[in-house]
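Quick note on the working numbering: the first sequence kicks off at 4 and runs consecutively. For every residue, glycine included, the Cβ atom is placed at its ideal position computed from N, Cα and C.
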Amino acid sequence: MAILQRAQPRIRQVTTAHLTQTMSLLELSRAELNEWLNSSLASNPALEVVEPETCPSCHRPLYHSGLCPMCHPPKDEPIVFLSTPPSRRSSNEETDNLPEVAQPVTLADHLMGQIGPELNAEERSIAQYLLARLDDNGLMPEPPFESARFLHASPALVEKVLHAIQRCDPPGVGALSTVEALLIQIESLAENGSVPAGVREIIAGHLEELAHGEFANIAKSLHLNREAVEEAAHFIKVNLTPYPGRAFYGAGTSRSSSDPDLYREAEMTFRVQPNNPTGPLIVEVYAPLSGRVRVNPEFRQMVRTLTGAEREKWNEKVEEALLIDKCLRQSQNTLLRLASSLAEEQRAFILGTDRELRPLTRAELARRLEVHESTISRAVSNKRAALPNGRIVPIARFFDRSLSVRDMVRSIVSDESKALSDTEIVSLLDKQGVHIARRTVAKYRAMEGILPMSLRRAQHSQHAHGRATA
DNA sequence: CTATGGCACGGATT
DNA sequence: AATCCGTGCCATAG
């Protein structure tokens with residue numbers, strides 16, 4: 004199979020600006036790919052979109068010559084097909100009879116919905132940029148003046164928009180730091196009820212100590228008694244979150260509050276067959292457009308009649324269009340094969356729990372699909388998958404070596420009656436056939452936000468996970 | 001003395 | 001080549 008990296012150097016020169024992106028189509032997210040394609044279509048008259056053939060019985064677009072994967076499902080392999088989001092569908096393709104998988108609104112959409120109405124056009128485009136920059140936790144990683152420089156907008160205006168964002172629903176979004184996010188949340192809580200004494204001060208100056216459970220130190224430096232500090236700590240734990248983007252709105256599944264990717268679009272959706280739950284999975288991979296692109300034959304014909312510089316100029320466009328077409332097919336093809344492999348390999352994980360994730364490396368999959376391993380890396384990074392239970396997870400998670408063990412640790416701790424030490428957890432895991440070092444259990448614990456044994460005894464039925472370090 | 005976190009090393013992964 | 005991950009060693013707190 005021709006590998007993307009092999010594209011001839013001659014062409015590489017032709018399309019400088021776009022080519023770098025073309026080479027890495029695989030690593031673009033759904034939205035980015037969309038945007039890229041739109042701009043390519045707009046700037047290249049040689050490109051045209053052709054309607055796909057559709058399956059005669061279900062009217063689903065057929066991307067490959069051959070049978071419709073839904074109407075003629077393969078026997079053992081997963082059923083994989085490309086599909087286009089409803090807004091971009093060409094004709095009125097019938098809505099599918101596929102089982103519903105929750106497709107939540109993105110965090111950015113949610114926020115834009117709140118602030119959009121109050122903003123004028125310029126402010127809105129600033130907001131759009133800012134929202135796109137929010138990280139997984141809903142925090143703003145870049146100071147307003149930098150955004151302003153990038154946008155060529157006045158810093159004051161950018162700040163104004165940012166402040167508008169910060170007043171929005173998941174309290175704390177758009178904050179520049181964890182501390183700021185917490186403080187904003189406090190303000191929002193203070194409007195409705197009272198906030199225990201010391202909470203603000205602890206957030207502002209003693210977060211580190213709080214994370215380590217050093218109540219005595221805090222009490223001393225704030226001149227409070229220990230009870231007050233504990234009360235404040237409890238309040239913080241229950242009411243505040245350092246990850247504003249993850250929680251608060253849209254009561255999704257119980258897990259959702261800790262899943263930052265929930266509010267991003269998925270690039271593929273895994274489902275079970277409604278009438279054949281034990282059969283192969285169905286995988287829907289999203290494509291930026293229904294149908295496919297090609298070089299407009301009339302345009303090409305027209306170019307042939309030109310001469311000299313004119314001809315050169317438009318020929319470049321034709322070459323570029325050819326390349327775009329090729330790369331698009333190439334990347335979609337790999338994506339489909341990747342999806343299929345994942346559905347097959349990680350079926351148990353997709354249907355079940357984290358614990359059932361099989362260790363799988365990118366390199367291994369690359370060998371199997373006969374592509375370069377960097378190809379897999381690109382395809383996997385920056386993408387998300389929707390699972391049948393409605394969760395949206397980063398596709399990189401399919402390659403997480405320790406996820407299943409971390410899940411075991413989590414359940415060991417939640418089932419414990421007498422707070423276990425890391426060493427004890429090691430031996431419990433040993434019995435279940437998992438052999439890891441004590442130090443490693445400690446790290447997993449930290450990753451899961453589980454406090455050390457000594458700080459774990461107290462409250463058990465609390466649903467909030469305490470984790471406050473950056 | 002036990003439990004745990006920090007640091008750093010080496011090997012695997014990307 | 002850069003980064004990530006599991007681990008061992010050591011310091012520190014209780």
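Scanning ALA366, GLU233, SER224, VAL412 for the CA closest to the CA of LYS434 turns up VAL412.
Per DSSP, reduced to three states, the secondary structure at ALA389 is strand. Per the DSSP secondary-structure output, GLN276 pairs in a beta bridge with ASN279. With respect to PRO247, PRO199 sits apart: the two C-beta atoms are not nearer than 8 Å.
Under DSSP, SER86 forms a beta bridge with TYR289. Under a 10 Å Cβ-count criterion, ASN47 is classified as buried, with 16 or more other Cβ atoms of the shown protein chains found around its own Cβ. Contact between GLY311 and VAL53 fails: their C-beta atoms lie close to 31 Å from each other, not under 8 Å. The alpha-carbon separation between LYS320 and LEU50 amounts to approximately 8 Å. Here THR272 is buried, its C-beta having at least 16 other C-beta atoms within 10 Å. ARG409 places its beta carbon 8 Å or farther from that of VAL396. In this structure, VAL164 is the residue among LEU110, VAL164, SER27 with its C-alpha nearest to the C-alpha of PRO120. Shown here for PRO76: same chain residues with a beta carbon closer than 6 Å to its own, the five before and five after excluded, namely ILE82 in chain order. Here GLU270 carries a coil assignment [DSSP, helix/strand/coil]. Where VAL52 is concerned, the enclosing beta strand (DSSP E) starts and stops at 50 to 53. Pairing PHE218 with LEU133, the inter-Cα distance amounts to about 37 Å. In the three-state reduction of the DSSP assignment, LEU70 falls in the coil class, being assigned neither a helical nor a strand state. With a threshold of 16 other beta carbon atoms within 10 Å, ALA124 falls short and is exposed.
DSSP lists ALA388 as the beta-bridge partner residues of VAL396.
For ARG203, the enclosing alpha helix (DSSP H) stretches over residues 202 to 208.
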